[in-house]
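Sequence order for the protein chains is A and B. Those letters in the first sequence? Residues 344 to 456, by our numbering. Those letters in the second sequence? Residues 600 to 711, by our numbering. Each residue gets a CB set at the ideal place from its N, CA and C atoms; glycine is no exception. All values derive from a computational prediction rather than experimental measurement. To start, the structure under review is shown below, and the notes come after it.
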Amino acid sequence: AQSVAQPEDQVNVAEGNPLTVKCTYSVSGNPYLFWYVQYPNRGLQFLLKYITGDNLVKGSYGFEAEFNKSQTSFHLKKPSALVSDSALYFCAVREIRRRALTFGSGTRLQVQP
Amino acid sequence: SAVISQKPSRDICQRGTSLTIQCQVDSQVTMMFWYRQQPGQSLTLIATANQGSEATYESGFVIDKFPISRPNLTFSTLTVSNMSPEDSSIYLCSVYQGNEQFFGPGTRLTVL
């Protein structure tokens, strides 16, 4: 069965500093990996995905993620955090044969001014 | 990208009653999914709904409690039956299209 782990419930970072939100996964076969963001009282917004190809994936709002097959990780990164990046971030994985996503527990990102 | 709407956006219901949530997609899709997000929690898949066949439920979810209809390729409903306060959650409709998963805005349900 596929699974996703987000080891940090919350990440705190100062505005302008780089941020990393961690994600590790477990699937049989090659994974499709996703990051979503959820702002308060708003829907789930797609940030980026890894299907195949370059291990560094660039997404919306300046976010990027690095796929590391040997470490089964897909950490979300941004070079310079903004206060407006404060939100709940979910990592998700999908096995190729299964269309539904399995989500991690979520990480709350707090960017302090 | 698919655009998904849900009705109602929120509701407050009494225990023991049922609520039907509607999901409308602006394009035809084969697979639709229903997720639940309990307060402060992650998203959990309830079931997968394909047009013309019965929904496939995940472990811990049963058809009697969460009956699903999928009458065509752009519409689905999820009913939360015989509600209890533990059913208070956000219910999200989702579709798979072009290697991406799109989500509706969610229905925020509060059961008193």
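At a C-beta separation below 9 Å, residue 644(B) has these neighbours in chain A: 443, 444, 445, 446. Taken atom to atom, the span from the alpha-carbon of residue 373(A) to that of residue 697(B) is near 17 Å. Here DSSP, grouped into helix, strand and coil, assigns residue 684(B) to helix.
In terms of beta-carbon proximity, residue 700(B) lines the interface with chain A, with at least one pair separated by less than 8 Å. Per DSSP, the unbroken beta strand (DSSP E) holding residue 434(A) starts and ends at 430 to 438. Only residues of its own chain outside the window of five on either side were considered, and among them 453 have a CB closer than 6 Å to the CB of residue 355(A), listed in chain order.
Using a C-beta cut-off of 8 Å, the segment 398 to 418 of chain A makes contact with the segment 374 to 385 of chain A, since at least three inter-stretch Cβ pairs fall below that distance. Between residue 683(B) and residue 710(B) the beta-carbon gap is near 6 Å, inside 8 Å, which marks them as a contact. As DSSP reads the structure, residue 674(B) sits in a beta bridge with 623(B), 671(B). A Cβ-Cβ contact shorter than 8 Å links residue 405(A) with residue 421(A). Here DSSP, grouped into helix, strand and coil, assigns residue 416(A) to strand.
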